[in-house]
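2 protein chains.
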Amino acid sequence: MITNMEKIKTLLKEKGIKPTFQRLKILEYLSNNLNNHPTVEMVYEKLLNDIPTLSLTTVYNTLNNFLEKRLVFGVTITGTEVRYDFNTDYHHHFLCKKCGQIIDIDLKCAYAEGEKSIISGHRIDEIHGYFKGICKACSKNVGKKPKSRSSS
Amino acid sequence: MITNMEKIKTLLKEKGIKPTFQRLKILEYLSNNLNNHPTVEMVYEKLLNDIPTLSLTTVYNTLNNFLEKRLVFGVTITGTEVRYDFNTDYHHHFLCKKCGQIIDIDLKCAYAEGEKSIISGHRIDEIHGYFKGICKACSKNVGKKPKSRSSS
DNA sequence: TTCTACCTTGTAATGATTGTAATATTAGAA
DNA sequence: TTCTAATATTACAATCATTACAAGGTAGAA
Ligand SMILES: [Mn+2]
Ligand SMILES: [Mn+2]
Ligand SMILES: [Zn+2]
Ligand SMILES: [Zn+2]
Numbered sequence: 489m490i491t492n493m494e495k496i497k498t499l500l501k502e503k504g505i506k507p508t509f510q511r512l513k514i515l516e517y518l519s520n521n522l523n524n525h526p527t528v529e530m531v532y533e534k535l536l537n538d539i540p541t542l543s544l545t546t547v548y549n550t551l552n553n554f555l556e557k558r559l560v561f562g563v564t565i566t567g568t569e570v571r572y573d574f575n576t577d578y579h580h581h582f583l584c585k586k587c588g589q590i591i592d593i594d595l596k597c598a599y600a601e602g603e604k605s606i607i608s609g610h611r612i613d614e615i616h617g618y619f620k621g622i623c624k625a626c627s628k629n630v631g632k633k634p635k636s637r638s639s640s
Numbered sequence: 489m490i491t492n493m494e495k496i497k498t499l500l501k502e503k504g505i506k507p508t509f510q511r512l513k514i515l516e517y518l519s520n521n522l523n524n525h526p527t528v529e530m531v532y533e534k535l536l537n538d539i540p541t542l543s544l545t546t547v548y549n550t551l552n553n554f555l556e557k558r559l560v561f562g563v564t565i566t567g568t569e570v571r572y573d574f575n576t577d578y579h580h581h582f583l584c585k586k587c588g589q590i591i592d593i594d595l596k597c598a599y600a601e602g603e604k605s606i607i608s609g610h611r612i613d614e615i616h617g618y619f620k621g622i623c624k625a626c627s628k629n630v631g632k633k634p635k636s637r638s639s640s
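Going down the list, the protein sequences come from chains F and D. In terms of this note's numbering, the first sequence opens at residue 489 and continues consecutively. In terms of this note's numbering, the second sequence opens at residue 489 and continues consecutively.
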């Protein structure tokens, strides 16, 4: 992914953010993990391999910087920590209460698609649609215990 | 609100929760603060007047109990703490980034109204619609700063 | 090179929430 | 009523994500 790195660098410059090594690697990681919706800790742990001197504070500072510049989107569906999303197009999220997976959801709805920028007189800057329940895969496995004498 | 207290007691019994004094007062407080969306701390501080021995742990335990029994709804729009909502009908929330107020939002949309219990094969148990921006009142006051012409 | 602005880092502090163990209250049996 | 087991409340410690702070590092302008 060498060409990709150039795109990442351009993205940072466009937002007026100095493309330091740490910032490049963090944004690259997010761009390669679109459906993980990683936590700060996940970003930190993974990048420690490439950057052994990396500080957790830097990851926090950098991600907050990205959030302010709207380079990434913060997903707070779990309620306990921020998950980061490189995909800033309007889309929503589903959290499986069983396996913890966060899945992208695309809805056909004027509000969901962010077409309304004013609601009841309030100026809307961000829309978060959070759905919680049991995912498709976990639903199928109801009652299926590890061993099991499965299917016909 | 003496008659109201009987309704509160009935609500608890219906959910199989023993109507202890603490629980009654906590649920009563929430029912009287439908548009505050109070924090644990707010509930605790306010009730300390009536119950000087009240423990913060009890407030946490009780509210978690109410959440499990779906007697109240947890709103995590701020990302830093849970706000409690006695109103469990499907409705959504707006957070003003300037004044911090949380305002109820009613949308006309199949998803927003919770009519779809399955989306993309996932079973939906909870829907949270969070809108963030600048509220009507704060929008009007743009530029109307007391004295100074401060920066950001 | 030297200066200056900005980055990165390590560590301490904060704040919301949970865990734990002791004490108190309650409902039901005797 | 009295006793007893189950449940509730309390005080306090621990956890975890996040922020604050202070010190050292880096790159480019002059
Ligand atoms: Mn996403
Ligand atoms: Mn509400
Ligand atoms: Zn699942
Ligand atoms: Zn406002």
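Each residue gets a CB set at the ideal place from its N, CA and C atoms; glycine is no exception.
Quick one: what does DSSP say Leu-518 of chain F is sitting in, helix, strand or coil?
helix
Going along the chain, which residues of its own chain have a beta-carbon closer than 6 Å to the beta-carbon of Phe-561 of chain D, five neighbours each way excluded?
Asp-573, Thr-576
Reduced DSSP category for Glu-533 of chain D - H, G, I as helix; E, B as strand; rest coil:
helix
Going by the C-beta, is Asp-594 of chain D closer than 7 Å to any heavy atom of ligand 2?
no
Any non-hydrogen atom of ligand 2 within 7 Å of Asn-610 of chain F CB
Looking at the sequence itself, residue 610 of chain F is His, so the reference to Asn does not match. No, Cβ of His-610 of chain F sits at least 7 Å from all heavy atoms of ligand 2.
Range of the contiguous beta strand (DSSP E) that encloses Phe-554 of chain D
Careful: Phe-554 of chain D lies outside any beta strand (DSSP E), inside the alpha helix (DSSP H) at 544 to 556.
Beta bridge counterpart(s) of Leu-583 of chain F as assigned by DSSP
Residue pairing by DSSP places Leu-583 of chain F opposite F:Ile-590, F:Lys-620 in a beta bridge.
Could you tell me if Cys-584 of chain F is buried or exposed, where buried requires 16 or more neighbouring beta carbons within 10 angstroms of its beta carbon?
Cys-584 of chain F comes out buried.
Excluding the five sequence neighbours on either side, which residues of its own chain have a C-beta within less than 8 Å of the C-beta of Arg-571 of chain D, listed in chain order?
Taken in chain order, the residues that qualify are His-525, Pro-526, Thr-527, Gly-562, Val-563, Thr-564, Ile-565, Ile-590.
Please enumerate, following chain order, all residues with a beta carbon closer than 7 Å to at least one heavy atom belonging to ligand 4.
Counting only heavy atoms of ligand 4, the residues whose C-beta sits closer than 7 Å to one of them are, along the chain, D:Cys-584, D:Lys-586, D:Cys-587, D:Gln-589, D:Ile-622, D:Cys-623, D:Ala-625, D:Cys-626.
Note down, in chain order, every chain F residue with its Cβ under 8 Å from the Cβ of Ser-608 of chain D.
Phe-582, Ile-591, Ile-593, Lys-624
Given that Gly-617 of chain F touches chain D, what residues does it touch there, using C-beta distances under 7 Å?
Gly-617
When DSSP labels each residue in this structure, what does Ile-505 of chain F get in the three-state scheme?
coil
Confirm the yes/no value for this check: CB of His-616 of chain D, any heavy atom of ligand 1, distance under 7 Å.
no
Taking Gly-567 of chain D as part of the beta strand (DSSP E), name the residues at either end of that continuous run.
Counting along the chain, Gly-567 of chain D falls outside any beta strand (DSSP E), and DSSP gives it neither H nor E.
Rounded to the nearest angstrom, what separates Pro-507 of chain F and Ile-622 of chain D at their Cα positions?
31 Å
Please name the residue in D:Gly-504, D:Met-493, D:Glu-533 whose C-alpha comes closest to that of Leu-515 of chain D.
D:Met-493
Would the stretch 602 to 617 of chain D and the stretch 609 to 629 of chain F be scored as touching if the rule is three or more Cβ pairs under 8 Å?
yes
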